[in-house]
Structure formats: C-alpha cells, structure tokens
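S.K.: My structure is below; once you've seen it, I'll send some questions.
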Amino acid sequence: MKNLDISSAIQSYKHAVLAYLNFGHWSKIVPVAQKAVESPHADVMVGVVLGSLNSNHACSEILLKNTITAGLLAVDYFAWSRQSNRVREMLSTVERLLADESGRGCPEYISSLLKAYQSCIMAGDYETAYGHFYRSWETGPDADDLFPLKRAQVMALKCGRSDLVYDAIAEIYKNRGSCLSTIPFLSAMVSFGLEQIGDYEAAERVARDGYACEGATADDIWLDHAVIHSLYFQGPKRQQDALDFFRDHHESWNARQESLIPFIYTHCFWHWAL
Numbered sequence: 045m046k047n048l049d050i051s052s053a054i055q056s057y058k059h060a061v062l063a064y065l066n067f068g069h070w071s072k073i074v075p076v077a078q079k080a081v082e083s084p085h086a087d088v089m090v091g092v093v094l095g096s097l098n099s100n101h102a103c104s105e106i107l108l109k110n111t112i113t114a115g116l117l118a119v120d121y122f123a124w125s126r127q128s129n130r131v132r133e134m135l136s137t138v139e140r141l142l143a144d145e146s147g148r149g150c151p152e153y154i155s156s157l158l159k160a161y162q163s164c165i166m167a168g169d170y171e172t173a174y175g176h177f178y179r180s181w182e183t184g185p186d187a188d189d190l191f192p193l194k195r196a197q198v199m200a201l202k203c204g205r206s207d208l209v210y211d212a213i214a215e216i217y218k219n220r221g222s223c224l225s226t227i228p229f230l231s232a233m234v235s236f237g238l239e240q241i242g243d244y245e246a247a248e249r250v251a252r253d254g255y256a257c258e259g260a261t262a263d264d265i266w267l268d269h270a271v272i273h274s275l276y277f278q279g280p281k282r283q284q285d286a287l288d289f290f291r292d293h294h295e296s297w298n299a300r301q302e303s304l305i306p307f308i309y310t311h312c313f314w315h316w317a318l
C-alpha cells in the first residue's frame, strides 16, 4: 500500500467527519486500512528492491504512522456505524501491529489516539478519552488538524461536561483565532464551544465570521447549526432572527440531504421545530 494512497484516505476521512458527510463517505477508509494493516511494510520493500536504501528508514516510519492512523480511523467508522465486532477486530489488529513495532517507538499523538479509542470504546470512559483525543491534537504534527478536537468535543458532550466542549478548542482559538476565515470547520467548533459556556453573543459572532471561509456555505453545515444554537439561547429577542435564518438556509440542507449523515440534517430541522 502506497503512503500517498493511505495519506489521501486519512485526509478524506477527516474531512467527511468534519463535514458531516454520510457513512458512505466514511466507509472508504475501510479497504485502505485493511490493506495497509495486512502489509504494513509493502511499499517500503518495493523501495528496497528498487534500490532506494537511503530513504528506506524514513519511508518506513511514515508508512507505519499512516497505517496505524488509518486503522484507528477505521475503528472510528466501525464505532459510529455500530459494527461492534469489526470495531474490536480492527482495534486488536492495530494493537498487535504496535506491539510488533514496539522497538521502533510510536509518536505520542498516535499512541494517544489509540488510548482514546480504547478508553471510549472498550472502557466507556469518555472523560479519559477526551484527554487522550486532546493530547493527540496537542502533540500532533499539524496544529490545524481539527479531527482529534472534534472527537474531544463529542467525548465532552457524552460525559456531560459543557466546559470541556470549549476547553477542547480554547488553545487553538487563542493561537489561530485570527485565521477563522482560512481554516475550514474551525469557526463552527469554536462557536459551539462558546455557546456551551454561555457566551452566546460571541458564539454568534464567531459563527457568522466563519462564512468568510472558502466553501463554508456549501461544506460546513455545523456552522449553520452553531448560528442556530447561538440565536436560540439569546432568548425571545432573537427569535425572529432565528426564524429568518432557518428560512434563508434550509433549502441548502435539502440540497445536500443525500450527502449528509442523517443526524445533522434532521437535527437542524428539529431546532427549527423547537
């Protein structure tokens, strides 16, 4: 399995989750992950045969990281699509792969991601899982990778900790708050965090600023959801604004219905009914 193919599948999966695309999009990680974990060094061995000895070690390290990450994202998909047997099977496969490669070491962001899934899936300990997802982002190579923070926010909701929903994005908001128009999906996550701690006006402002991000109107339905939340909790004085927002945006939800995960499509209309 080529590094480029695995890396592309990883990025596509993370985008599908952040954009609330349906499980058909999520499931594309599965064949890639299965092939990768079955032959974790195949691409490197091709390099050896072709004489690429100088880059063999570096390629092997990158391939292993991508393979384990793809396996864990397959775990994520199986968990959310409620395929419990396949969750445990893939999680065990990743654990064995890491054990086999223990002498080479594993980056903390990957080991934290593994611990996060072990905590939430095997132990049902969402607060511990929250910490591991956050640590995976904190120690990861890409400070703009929102996937582990998205999962951290979900864990915070599962354990009833609204404060942690905000804490998950507080650091990236502090450091990258001036880049809301350039980092897809960040505004919606920050806005939702602000709303969860009761700062409704700031939540609305951040969410509306997020529409300046290229593709947000067509790709970030959670941004619409963030505006809905912020207006609703500002009380009766903003009710008409909320109703106007629904009327202006609901057709875009209908247009995307087939591509979206059913939860977010129905949830937005539930808010309108509420």
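According to my numbering, the sequence shown is numbered sequentially starting from 45.
Idealized CB from N, CA, C, for every residue including glycine.
If you're wondering where the values come from, they're calculated on a predicted model, not measured in any experiment.
#1: Quick check: the region 287-296 against the region 256-275, are at least 3 beta-carbon pairs closer than 8 Å?
#2: When you compare only the Cα positions, how much space is there between Asn298 and Ser83?
#3: Could you pull the start and end residues of the alpha helix (DSSP H) that Ile213 belongs to?
#4: Please determine, among Ala270, Ser296, Glu302, Leu304, the residue with the shortest C-alpha to C-alpha distance to His315.
#5: Less than 8 Å separating the beta-carbons of Ile165 and Leu135?
#6: State the beta-bridge partners of Leu304 as determined by DSSP.
#7: Looking at the unbroken alpha helix (DSSP H) that takes in Phe290, where does it start and where does it end?
#8: Run the CB neighbour count on Leu267, radius 10 Å, all protein chains shown included, and call it buried at 16 or more, exposed below.
#9: Spatial neighbours of Tyr235 within its chain, please: C-beta separation below 6 Å, excluding the five flanking residues on both sides.
#10: Secondary structure at Ala80, three-state DSSP: helix, strand or coil?
#11: Helix, strand or coil for Ile11 per DSSP?
#12: If you check the beta carbons only, do Leu208 and Tyr244 fall under 8 Å apart?
#13: In angstroms with no decimal places, state the Cα-to-Cα distance between Val93 and Leu157.
#14: Please work out which residues of its chain come closer than 6 Å, Cβ to Cβ, to Met233, disregarding the five sequence neighbours upstream and downstream, and give them in chain order.
#15: Applying the criterion that 16 or more other CB atoms from any shown protein chain within 10 Å of the CB defines a buried residue, is Phe122 buried or exposed?
#16: Might you give, ordered along the chain, the residues of its own chain that have their beta carbon closer than 6 Å to the beta carbon of Ala388, omitting 5 neighbours on each side?
#17: Going straight from the alpha carbon of Ile112 to that of Lys281, what length do you get?
M.R.: Answer, in terms of the structure:
#1: Enough Cβ pairs lie closer than 8 Å, so yes.
#2: Asn298 and Ser83: Cα-Cα distance of roughly 42 Å.
#3: For Ile213, the enclosing alpha helix (DSSP H) has its first and last residue at 206-220.
#4: Minimum Cα-Cα distance from His315 among the listed residues Ala270, Ser296, Glu302, Leu304 corresponds to Ala270.
#5: Taking 8 Å as the cut-off, the beta carbon of Ile165 is found closer than this to the beta carbon of Leu135.
#6: According to DSSP, Leu304 bridges with Leu65.
#7: Boundaries of the alpha helix (DSSP H) harbouring Phe290: 283-299, taken from the DSSP string.
#8: By the Cβ neighbour-count rule, Leu267 is buried, with 16 or more other Cβ atoms within 10 Å of its own.
#9: Reading off the sequence shown, one finds Ser at residue 235, where the question assumed Tyr. Correct list, in chain order: Ala247, Val250, Ala251, Ala270.
#10: Per DSSP, reduced to three states, the secondary structure at Ala80 is helical.
#11: One cannot answer for residue 11 here, as it falls past the ends of the chain, which runs 45 to 318.
#12: Not in contact: Leu208 and Tyr244 (Cβ atoms no closer than 8 Å).
#13: Any reading at Val93 must be qualified, since the residue scores a pLDDT of 41, below 50, and its modelled position is unreliable; the value itself is stated next. Separation of Val93 and Leu157 (C-alpha to C-alpha, rounded to the nearest whole angstrom) is 33 Å.
#14: Ile213, listed in sequence order.
#15: Looking at its Cβ environment, which holds 16 or more other Cβ atoms inside 10 Å, Phe122 is buried.
#16: Outside the modelled stretch of the chain, which goes from 45 to 318, sits residue 388, for which no answer is possible.
#17: Taking the straight line from one Cα to the other gives about 50 Å.
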